[in-house]
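Colleague: What follows is a single structure, and I will ask about it in a moment.
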Amino acid sequence: GGKDRRSGLILTIPLCLEQTSMDELSVTLDYLLSIPSEKCKARGFTVIVDGRKSQWNVVKTVVLMLQNVVPAEVSLVCVVKPDEFWDKKVTHFCFWKEKDRLGFEVILVSANKLTRYIEPCQLTEDFGGTLTYDHMDWLNKRLVFEKFTKESTSLLDELALINNGSDKGTQQERERSIDLNFLPSVDPETVLQTGHELLSELQQRRFNGSDGGVSWSPMDDELLAQPQVMKLLDSLREQYTRYQEVCRQRSKRTQLEEIQQKVMQVVNWLEGPGSEQLRTQWGIGDSIRASQALQQKHEEIESQHSEWFAVYVELNQQIAALLNAGDEEDLVELKALQQQLSDVCYRQASQLEFRQNLLQAALEFHSVAQDLSQQLDGLLGMLCVDVAPADGASIQQTLKLLEEKLKSVDLGLQGLREKGQSLLDQISNQASWAYGKDVTIENKENVDHIQGVMEDMQLRKQRCEDMVDVRRLKMLQMVQLFKCEEDAAQAVEWLSELLDALLKTHIRLGDDAQETKVLLEKHRKFVDVAQSTYDYGRQLLQATVVLCQSLRCTSRSSGDTLPRLNRVWKQFTVTSEERVHRLETAVAFHSTAEKILQECPEQPEAFHEVEQFDEIEAVGKSLLDRLTVPVVYPDGSEQYFGSPSDMASAAEHIREKMKLVSLKKQQLRQPEATTPES
20 GGKDRRSGLI LTIPLCLEQT SMDELSVTLD YLLSIPSEKC KARGFTVIVD
70 GRKSQWNVVK TVVLMLQNVV PAEVSLVCVV KPDEFWDKKV THFCFWKEKD
120 RLGFEVILVS ANKLTRYIEP CQLTEDFGGT LTYDHMDWLN KRLVFEKFTK
170 ESTSLLDELA LINNGSDKGT QQERERSIDL NFLPSVDPET VLQTGHELLS
220 ELQQRRFNGS DGGVSWSPMD DELLAQPQVM KLLDSLREQY TRYQEVCRQR
270 SKRTQLEEIQ QKVMQVVNWL EGPGSEQLRT QWGIGDSIRA SQALQQKHEE
320 IESQHSEWFA VYVELNQQIA ALLNAGDEED LVELKALQQQ LSDVCYRQAS
370 QLEFRQNLLQ AALEFHSVAQ DLSQQLDGLL GMLCVDVAPA DGASIQQTLK
420 LLEEKLKSVD LGLQGLREKG QSLLDQISNQ ASWAYGKDVT IENKENVDHI
470 QGVMEDMQLR KQRCEDMVDV RRLKMLQMVQ LFKCEEDAAQ AVEWLSELLD
520 ALLKTHIRLG DDAQETKVLL EKHRKFVDVA QSTYDYGRQL LQATVVLCQS
570 LRCTSRSSGD TLPRLNRVWK QFTVTSEERV HRLETAVAFH STAEKILQEC
620 PEQPEAFHEV EQFDEIEAVG KSLLDRLTVP VVYPDGSEQY FGSPSDMASA
670 AEHIREKMKL VSLKKQQLRQ PEATTPES
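Numbering (my numbering), first residue to last: 20 to 697.
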């Protein structure tokens with residue numbers, strides 16, 4: 020790529036330590052010298068023989084070989100020598116001696132002094148220059164160029180033969196010529212793309228100087244390649260355009276004939292075997308399995324039609340493409356073919372779709388009918404089993420499940436009616452595409468079947484509703500029975516809790532008569548609550564007896580609940596009476612004690628009430644005795660009021676008041692003793 024000071028091209032021959040083949044070198048030089056134009060060759064070459072890694076005799080042989088290969092083009096040979104190994108005198112003398120015979124000047128020079136003869140910007144880095152050069156890149160581009168030149172030249176010949184053959188006189192001769200040379204050996208598009216890429220590479224290639232950044236033009240061989248590539252590309256485009264037109268005309272003629280043939284095949288099949296297949300299909304089946312079998316048969320028919328519809332789609336696209344091409348001579352024929360094909364295919368497709376929708380509606384109707392039948396069977400089976408629940412909650416759950424099943428049946432019947440009406444509407448429209456066949460009889464069978472299924476389901480549903488009403492009443496009575504039993508048991512528990520509270524918390528006797536009377540009044544109210552609880556339990560147990568008689572069953576818990584209720588009530592009654600007796604005794608004790616303690620000794624009538632002291636002492640002792648006595652129930656069991664400490668506290672309070680009364684008695688006796696002495 021470099022140039023000498025005379026604008027001549029620089030040819031560099033690198034020699035290495037290995038043996039150099041002169042034959043290969045000669046062939047390489049011949050190839051390289053064939054690349055530049057004659058104008059470039061006329062300016063001469065400067066040859067740089069890099070002998071720094073070679074022997075002197077090899078260098079000498081290469082220089083002498085240049086005389087045979089390029090004697091006229093070489094103007095200067097620069098032999099780059101090593102610094103120490105060659106004898107300068109011998110080498111200089113030999114080249115000087117052969118100067119006239121060689122026909123060019125030979126200079127023996129060191130690499131660092133090569134710039135005396137060639138500008139640094141024209142030398143590569145190997146010789147201390149700044150010229151950028153990538154040998155592999157150059158070699159790859161050269162190979163691409165030569166491959167493109169070879170392929171494009173061969174392709175041009177083939178295309179010219181094909182295109183010229185299409186210009187013959189008769190159409191038969193043109194078709195025969197095209198058939199023989201229809202396909203080129205290489206793809207024109209690939210060759211054109213390769214040429215454009217190569218041209219782009221050649222046009223964009225630039226080299227920059229190492230110091231000043233000077234932009235250099237492409238190498239001469241590349242400049243020479245550009246017009247060659249452009250000329251080949253222009254020729255290829257021209258021939259390829261003609262070739263495409265030839266192929267288009269041929270393809271259009273062939274395609275038109277094929278379209279006509281395929282259109283008639285599609286029309287004949289759809290109007291013949293295809294229509295006959297649909298004429299034989301009219302039923303909807305009487306069950307899911309029958310409808311599915313009909314659907315499977317219809318899918319087979321659709322599958323056969325699909326193959327022809329695929330041909331229709333392809334033909335329609337081909338016809339549309341030909342119509343868009345705009346050839347007036349074929350427009351009328353193409354439009355007629357397209358219209359005929361579309362009419363037949365759309366009519367057949369509509370009939371297939373109608374049949375498919377009808378079968379799908381029939382399948383959905385039978386599916387809903389089967390589901391409804393299963394629901395009715397399940398509901399009937401549930402109604403036929405006697406109810407034996409464990410408690411009211413399970414009855415409520417069963418009743419809820421029964422109501423849900425009945426609601427589901429209602430919804431299922433409603434859905435069946437909707438599906439049946441939709442199916443009847445579609446059947447009524449079937450006559451519009453009956454292919455000229457009277458389908459009244461067949462439709463009547465289908466209609467009778469649909470209406471019969473809906474009426475049968477309605478009757479079955481009505482019978483189940485009647486049974487559900489009876490079962491609902493019975494289950495509600497059972498719920499009420501369990502509720503009464505549970506409430507009665509609860510009443511027993513409440514009464515037991517009242518008894519327990521009476522024994523454990525109702526233990527105080529009051530500190531005075533007033534407080535004791537208040538406690539007595541509260542106790543009476545407490546007893547009223549217990550009495551109401553007992554009466555409520557008795558009423559519930561009486562209701563269970565009535566419900567059991569209505570349901571014709573024996574109660575599972577009332578027989579045990581009534582004795583428990585009576586036993587607890589008797590215990591409560593005994594305990595309450597004991598509580599009342601103690602409170603009344605306490606009222607009498609506190610009233611008498613308070614009356615005595617409030618009287619003054621000066622009152623004369625006090626001397627006549629000594630018998631009251633004896634009475635209160637007797638009442639107090641009786642009350643203390645009752646506090647230590649347990650409550651004895653009718654069954655012989657015993658129960659104490661409160662804890663021993665509670666009773667001890669109440670007894671201590673009574674004893675304190677008895678002591679006060681005793682002191683009062685002594686006070687009254689002292690004045691009585693002093694009166695006789697005075």
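In this text, a Cβ means the ideal position worked out from N, Cα and C, and glycines have one as well. Small disclaimer: the values here were computed from a predicted structure and weren't measured.
Are the segment 499-513 and the segment 558-565 touching, with three or more C-beta to C-beta distances below 8 Å?
Modeller: Touching, yes, given that three or more Cβ pairs across the two stretches are closer than 8 Å.
Colleague: May I have a chain-ordered list of the alpha helix (DSSP H) segments no shorter than 4 residues that lie completely inside the segment 244-325?
Modeller: Listed in chain order, they are 294-298.
Colleague: Can you round the beta-carbon distance between residue 441 and residue 381 to whole angstroms, since I take them to be within the 8 Å contact cut?
Modeller: The pair is not a contact, with the Cβ atoms about 10 Å apart (cut-off 8 Å).
Colleague: From residue 343 to residue 438, what distance separates their C-alpha atoms?
Modeller: Approximately 48 Å between the Cα atoms of the pair.
Colleague: Check whether the segment 364-374 touches the segment 384-395, counting contact only when three or more Cβ pairs, one atom from each stretch, lie closer than 8 Å.
Modeller: They do not touch, by the three-pair rule.
Colleague: Once you ignore the five residues that flank residue 584 on each side, which residues in its own chain have a CB closer than 8 Å to its CB?
Modeller: Once the five neighbours on either side are set aside, the close Cβ partners of residue 584 are 507, 510, 511, 514, 553, 556, 557, 560.
Colleague: Please state whether the Cβ-Cβ distance between residue 608 and residue 683 is less than 9 Å.
Modeller: Their beta carbons are not under 9 Å apart, which means residue 608 does not touch residue 683 by this criterion.
Colleague: Determine the direct distance from the alpha carbon of residue 483 to that of residue 658, and round the result to whole angstroms.
Modeller: Residue 658 and residue 483: Cα-Cα distance of roughly 59 Å.
Colleague: Take residue 602 and list the residues in its own chain whose beta-carbon comes closer than 7 Å to its own, dropping the five residues that flank it on each side.
Modeller: If we look at residue 602 and ignore the five residues flanking it on each side, its Cβ neighbours are 528, 535, 538, 539, 542.
Colleague: Which class does residue 526 belong to by DSSP, given the choice of helix, strand or coil?
Modeller: Coil.
Colleague: Enumerate in chain order the residues of its own chain whose CB-to-CB distance from residue 678 is below 8 Å, with the five nearest sequence positions on each side excluded.
Modeller: If we look at residue 678 and ignore the five residues flanking it on each side, it has no Cβ neighbours.
Colleague: Report, in whole angstroms, the separation of the C-beta atoms of residue 27 and residue 62, which I expect to be a contact under 8 Å.
Modeller: Contact holds; Cβ gap of about 4 Å.
Colleague: Between which residues of its own chain and residue 80 is the CB-CB distance below 7 Å, once the five residues before and five after are set aside?
Modeller: Cβ within range, chain order: 41.
Colleague: For the beta strand (DSSP E) containing residue 9, list its first residue and its last residue.
Modeller: What is shown of the chain runs 20 to 697, which leaves residue 9 out entirely.
Colleague: Using alpha carbons as the reference points, say which of 653, 56, 338, 137 lies closest to residue 31.
Modeller: Selected option, being the one with the closest Cα: 137.
Colleague: Using 8 Å as the Cβ pair cut-off and three pairs as the minimum, do the segment 321-334 and the segment 246-265 touch?
Modeller: The answer is no - the segment 246-265 does not touch the segment 321-334, with fewer than three Cβ pairs under 8 Å.
Colleague: Going by beta-carbon coordinates alone, are residue 491 and residue 421 separated by less than 9 Å?
Modeller: Contact flag set, yes.
Colleague: Go through its chain and collect everything with a Cβ distance to residue 174's Cβ below 7 Å, but skip five positions before and after it.
Modeller: Correct list, in chain order: 203, 205, 207, 210, 255.
Colleague: Exposed or buried, which one is residue 473 when buried takes at least 16 other CB atoms within 10 Å?
Modeller: With 16 or more Cβ atoms within 10 Å of its Cβ, residue 473 is classed as buried.
Colleague: With DSSP collapsed to three states, give me the class of residue 531.
Modeller: Residue state, collapsed to three classes: coil.
Colleague: Exposed or buried, what is residue 50 when buried is set at 16 or more other beta-carbons lying within 10 Å of its beta-carbon?
Modeller: Flag for residue 50 reads exposed.
Colleague: Run through DSSP, which three-state label would residue 604 get?
Modeller: Three-state result, residue 604: helix.
Colleague: With residue 391 and residue 431 assumed to form a contact (beta carbons below 8 Å), what rounded beta-carbon distance in angstroms separates them?
Modeller: That pair is a contact at about 4 Å.
Colleague: Just how far apart, CA to CA, sit residue 337 and residue 284?
Modeller: Cα-Cα distance, rounded: 16 Å.
Colleague: Mark residue 606 as exposed unless 16 or more other C-beta atoms lie within 10 angstroms of its C-beta, in which case mark it buried.
Modeller: Buried.
Colleague: Any idea if residue 403 is buried or exposed, counting beta-carbon neighbours within 10 angstroms, 16 or more meaning buried?
Modeller: Exposed: under 16 other Cβ atoms inside 10 Å.
Colleague: Terminal residues of the continuous alpha helix (DSSP H) containing residue 174?
Modeller: Per DSSP, residue 174 belongs to the alpha helix (DSSP H) from 154-184.
Colleague: Based on the DSSP secondary-structure assignment, which residues constitute the bridge partners of residue 39?
Modeller: Answer is none; residue 39 lacks a bridge partner.
Colleague: Among all the DSSP beta bridges, which residues are the ones paired with residue 97?
Modeller: DSSP, once it has assigned bridges, lists 67, 126 as partnering residue 97.
Colleague: To which residues of the same chain is residue 6 closer than 6 Å at the C-beta, ignoring the five residues directly before and after it?
Modeller: Shown here, the chain extends from 20 to 697; a query on residue 6 therefore has no answer.
Colleague: Please return the same chain residues whose Cβ sits closer than 8 Å to the Cβ of residue 397, not counting the five positions on each side in sequence.
Modeller: Only 424 meet the Cβ criterion.
Colleague: If you draw a straight line from the C-alpha of residue 359 to the C-alpha of residue 426, how long is it?
Modeller: If I take the Cα positions, the gap works out to 55 Å.
Colleague: Helix, strand or coil: which one does DSSP assign to residue 150?
Modeller: Residue 150: strand per DSSP, three-state reduction.
Colleague: Looking at residue 100: is its Cβ nearer than 9 Å to the Cβ of residue 77?
Modeller: Against a cut-off of 9 Å, the Cβ pair of residue 77 and residue 100 comes out as no contact.
Colleague: DSSP beta-bridge partners for residue 546?
Modeller: Residue 546 is not bridged to any residue.
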